[in-house]
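Quick notes on the structure that follows.
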Amino acid sequence: MSNHRGAIAANPLITKEDVQEAVRQLVYPLKPYYSEGRARLKLGITGVHYGPAVAEMEGFSRVLWGIVPLLAGDGEDEFWELCLEGIRNGTDPEHKEYWGEVGDYDQRLVEMAAFGFALSLIPERIWGPLNGRERSNLYRWLNQINGHPCYDCNWLFFNILVNMGFRKAGLEYDAEQLENNLKRIDDFYLTEGWYSDGVGGHADYYVPFAFHYYGLLYARLLGDEDPERARLFKDRAGEFAGEFLQWFAPDGSALPYGRSLAYRFAQSAFWGALAYAEVDVLSPGVLKGLVLRNLRWWFRQGIVDDGGLLTIGYAYPNLIMAENYNSPGSPYWALKSFLPLALPAEHPFWQSEELQLPQLPELAVQKPAHLVFCRDSGSGHVAAFNSGHLGTNDHTHTSAKYEKFAYSTAFGFSVPRSEWGIGQGAFDSMLALSEAGDNLYRVRRQNEVSQIEDNVLFSKWKPWSDVEIQSWIIAGLPWHIRIHRIHTARALEAAEGGFALGLEADLQEDRDTEGTGITASCSLGTSAIRSLSGYSKAECIRPSTNTNVLQPRTVIPTLMANLKPGTHFLIAAVLGEPGQGAVKPLSPAEQLNFSIGEHEISITTAGGNKIDIPLDRSDRVSS
Numbered sequence: 004m005s006n007h008r009g010a011i012a013a014n015p016l017i018t019k020e021d022v023q024e025a026v027r028q029l030v031y032p033l034k035p036y037y038s039e040g041r042a043r044l045k046l047g048i049t050g051v052h053y054g055p056a057v058a059e060m061e062g063f064s065r066v067l068w069g070i071v072p073l074l075a076g077d078g079e080d081e082f083w084e085l086c087l088e089g090i091r092n093g094t095d096p097e098h099k100e101y102w103g104e105v106g107d108y109d110q111r112l113v114e115m116a117a118f119g120f121a122l123s124l125i126p127e128r129i130w131g132p133l134n135g136r137e138r139s140n141l142y143r144w145l146n147q148i149n150g151h152p153c154y155d156c157n158w159l160f161f162n163i164l165v166n167m168g169f170r171k172a173g174l175e176y177d178a179e180q181l182e183n184n185l186k187r188i189d190d191f192y193l194t195e196g197w198y199s200d201g202v203g204g205h206a207d208y209y210v211p212f213a214f215h216y217y218g219l220l221y222a223r224l225l226g227d228e229d230p231e232r233a234r235l236f237k238d239r240a241g242e243f244a245g246e247f248l249q250w251f252a253p254d255g256s257a258l259p260y261g262r263s264l265a266y267r268f269a270q271s272a273f274w275g276a277l278a279y280a281e282v283d284v285l286s287p288g289v290l291k292g293l294v295l296r297n298l299r300w301w302f303r304q305g306i307v308d309d310g311g312l313l314t315i316g317y318a319y320p321n322l323i324m325a326e327n328y329n330s331p332g333s334p335y336w337a338l339k340s341f342l343p344l345a346l347p348a349e350h351p352f353w354q355s356e357e358l359q360l361p362q363l364p365e366l367a368v369q370k371p372a373h374l375v376f377c378r379d380s381g382s383g384h385v386a387a388f389n390s391g392h393l394g395t396n397d398h399t400h401t402s403a404k405y406e407k408f409a410y411s412t413a414f415g416f417s418v419p420r421s422e423w424g425i426g427q428g429a430f431d432s433m434l435a436l437s438e439a440g441d442n443l444y445r446v447r448r449q450n451e452v453s454q455i456e457d458n459v460l461f462s463k464w465k466p467w468s469d470v471e472i473q474s475w476i477i478a479g480l481p482w483h484i485r486i487h488r489i490h491t492a493r494a495l496e497a498a499e500g501g502f503a504l505g506l507e508a509d510l511q512e513d514r515d516t517e518g519t520g521i522t523a524s525c526s527l528g529t530s531a532i533r534s535l536s537g538y539s540k541a542e543c544i545r546p547s548t549n550t551n552v553l554q555p556r557t558v559i560p561t562l563m564a565n566l567k568p569g570t571h572f573l574i575a576a577v578l579g580e581p582g583q584g585a586v587k588p589l590s591p592a593e594q595l596n597f598s599i600g601e602h603e604i605s606i607t608t609a610g611g612n613k614i615d616i617p618l619d620r621s622d623r624v625s626s
């Protein structure tokens, strides 16, 4: 373990001083990588779609998300002088490191938000030291955002933050743009505290670390001037807090799901923003525990390199799961979780005893996010079962990040290396289908129907125009059931993957006597899958390395079937249980809320409702 990695893992993260030190542990290793004029950070040579010059500016700006709250909360640091020099030069059109004139939908519009944040929290530190020409340069460069459109999604908040910064610093701002963007953000609101990331967009971590985070900044900083909207932002965030609690496990880890996971501990930024905006929905001790446990969990992972730089990846460096917009400096968006440092030492957040998660239900339905959460109180495992989405997007690995049947704090999820074969596809928690003999697999990407009723999730999807699949997922832990009704006009090969288990030296595999059930166990836990109908064999697939977000080497228990043209049912029971211990036997059908009859498949939900799936003469089902 490198000195940097060991030092950050050893930080107890108990006091405000510990958390201040964590910021320094993350940003001090950056010092050698600043350019001569201090306006750029060159942290690597991996590519990003907006090019290296903008990426180096992005790296500079994202550091501000940690340094600004450190200074706002009376934490002095000489690092700020380096930042000021970079601001002077980066906004000077005559300097060789000038950040440049921006265009429409420019990445630099994103990065301007950090400067609006600084102007709002510490105007005396960012505006005060500048002379007249330097102030004019900074204002003119930032004000470009009022002349160029942002994407119609969470990006609108970047304009809001810049104009908020202008307003808080006593500078001229675009009141019309500010108001129009705030109104447009309101169009993205769904219900129960949830937003979608643009009309018809996904509901993922952009809800807590973007929409609510920025809304709570607005509520705290402009609450006196705009009390009605501030109250609305706080009320929505308070409602969302009860939903978002389900995404966290007792050990501090959070659910790997959706895009932008390279931002890592930005997962807990929402809880710090709740404390900063003083939303009275959870006690300060609970908020403190959520933030600090998440930071501790992350600091135990391999997220920094030998020089102390944050890497692109999730639990380890991994470009395979990264987005097209992840530059070497992108991961420093994670510093948004340090917002509580802006609170004084005597604030209840810092004075309160750290508390554990409140008591949470074992089953929680979150329809706006298309998810059903299950919690295992014994192991601490949290899994989210997914009914799928009616729309999709063009981001990297959309199917893997938004359309798997289950996501897990303990097992993570996998992304494909290619569509060639089930090994390179890494199809955990998915049904993958290939035309017989061609070895190219398709999975769920977009749904015609997506529904949730208690712990039963239903979707209808078409991997080909002449193949229709109806999928029912009966959510539960440690076992859950998947049922697929497949109408196909072509011969298919099917592979149903269980949870991806880290491949350790003590791995053991156990196949049942019929050959249609298989279990993989090691010190990390147990993953198993068993055919209840329709599958012909079971194997443990060793997918390509670095496909899983938590473990670089994994094994995926998988069921397989050959399907002729016609109608088929594929039914499987899937287990995921972290930690060491014996595999739990398959529960009786009534405990699994599932039974096969002559004319129907019956599902009894956790709430006592009964769903019957009628069987046609052409349906082939055997228990």
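Just so you know, we're using the working numbering here: the sequence shown kicks off at 4 and counts up by one. Here a beta-carbon is modelled for each residue, glycine too, at the ideal position from N, C-alpha and C. These numbers come from a predicted model, not from an experiment.
7 Å Cβ shell around ILE425 - same chain, five flanking residues per side excluded: Result list for ILE425: ALA435, TYR444, ALA498, ILE544 and THR561, in chain order.
Within 10 Å of its beta-carbon, does HIS373 have 16 or more other beta-carbons around it, so buried, or fewer, so exposed? buried
Residue interval of the beta strand (DSSP E) (run including ILE129): Counting along the chain, ILE129 falls outside any beta strand (DSSP E), though it belongs to the alpha helix (DSSP H) covering 126-129.
To the nearest angstrom, how far is it from the Cα of PRO15 to the Cα of ARG299? 8 Å
Checking 8 Å against the spacing of the C-beta atoms, do LEU73 and CYS86 come in under that value? no
Here's a check: name, in chain order, each residue in its chain whose Cβ is nearer than 6 Å to the Cβ of VAL282, leaving out the five neighbours to either side. LYS237, ALA240 and GLY241
Exposed or buried, LYS19, counting other C-beta atoms within 10 Å across all chains shown (16 or more means buried)? buried
Close Cβ partners of ASN488 (< 6 Å) along its chain, the five nearest in sequence each way excluded: According to the sequence provided, residue 488 is Arg. The question's Asn does not apply to it. Cβ neighbours of ARG488 within its own chain (closer than 6 Å, five residues either side excluded): GLN473 and PHE572.
Which residues mark the beginning and the end of the alpha helix (DSSP H) in which HIS7 is found? For HIS7, the enclosing alpha helix (DSSP H) has its first and last residue at 6-13.
Give a yes or no on contact between the segment 337-345 and the segment 175-182, applying the rule of three or more CB pairs nearer than 8 Å. Touching, no.
Could you tell me the boundaries of the beta strand (DSSP E) in which ASP513 lies? 511-514
Please report the straight-line C-alpha distance between GLY54 and SER330, rounded to a whole angstrom. 9 Å
Other residues of its chain near PHE120: CB distance less than 8 Å, five sequence neighbours each side excluded: Taken in chain order, the residues that qualify are LEU67, TRP68, VAL71, LEU164, GLY168 and LEU220.
Environment of LEU322 [buried if 16+ CB atoms lie within 10 Å]: By the neighbour-count criterion, in which 16 or more other beta carbons inside 10 Å mark a residue as buried, LEU322 falls on the exposed side.
When the Cα of ILE188 is compared with those of GLN147, ARG170, LEU235 and ASN146, which residue comes out closest? LEU235
Since TYR217 contacts PHE160 with CB under 8 Å, what's their CB separation in whole angstroms? 4 Å
THR491 (DSSP reduced to helix, strand or coil): Correct three-state label for THR491: strand.
ARG8 versus GLY310: straight-line alpha-carbon distance, rounded: ARG8 and GLY310: Cα-Cα distance of roughly 9 Å.
In whole angstroms, what is the alpha-carbon distance linking GLU365 and SER380? 8 Å
Residues near LEU185 by beta carbon distance below 7 Å, same chain, minus five either side: ILE163 and ARG232
SER536 to GLY106, Cα distance in whole Å? Whole-angstrom Cα-Cα distance: 56 Å.
Determine the closest residue to LEU264 out of ALA117, GLY415, PHE63 and VAL30, with distance taken between C-alpha atoms. GLY415
ILE425 - DSSP class collapsed to helix/strand/coil: helix
With a cut-off of 8 Å on the beta carbons, I'd call ALA413 and GLY528 a contact; round off their distance for me. Contact between ALA413 and GLY528 is confirmed by a C-beta separation of about 6 Å, below the 8 Å threshold.
CB of PRO3 within 8 Å of CB of LYS171, strictly: Outside the displayed range of the chain (4 to 626) lies residue 3, so it cannot be described from this structure.
LEU363 and GLN249 closer than 8 Å at C-beta: Yes. Within cutoff.
Give the single residue among THR557, ASN551, ILE484 and SER468 whose Cα lies nearest to the Cα of ASP509. THR557
Could you pull the start and end residues of the beta strand (DSSP E) that GLY528 belongs to? 528-536
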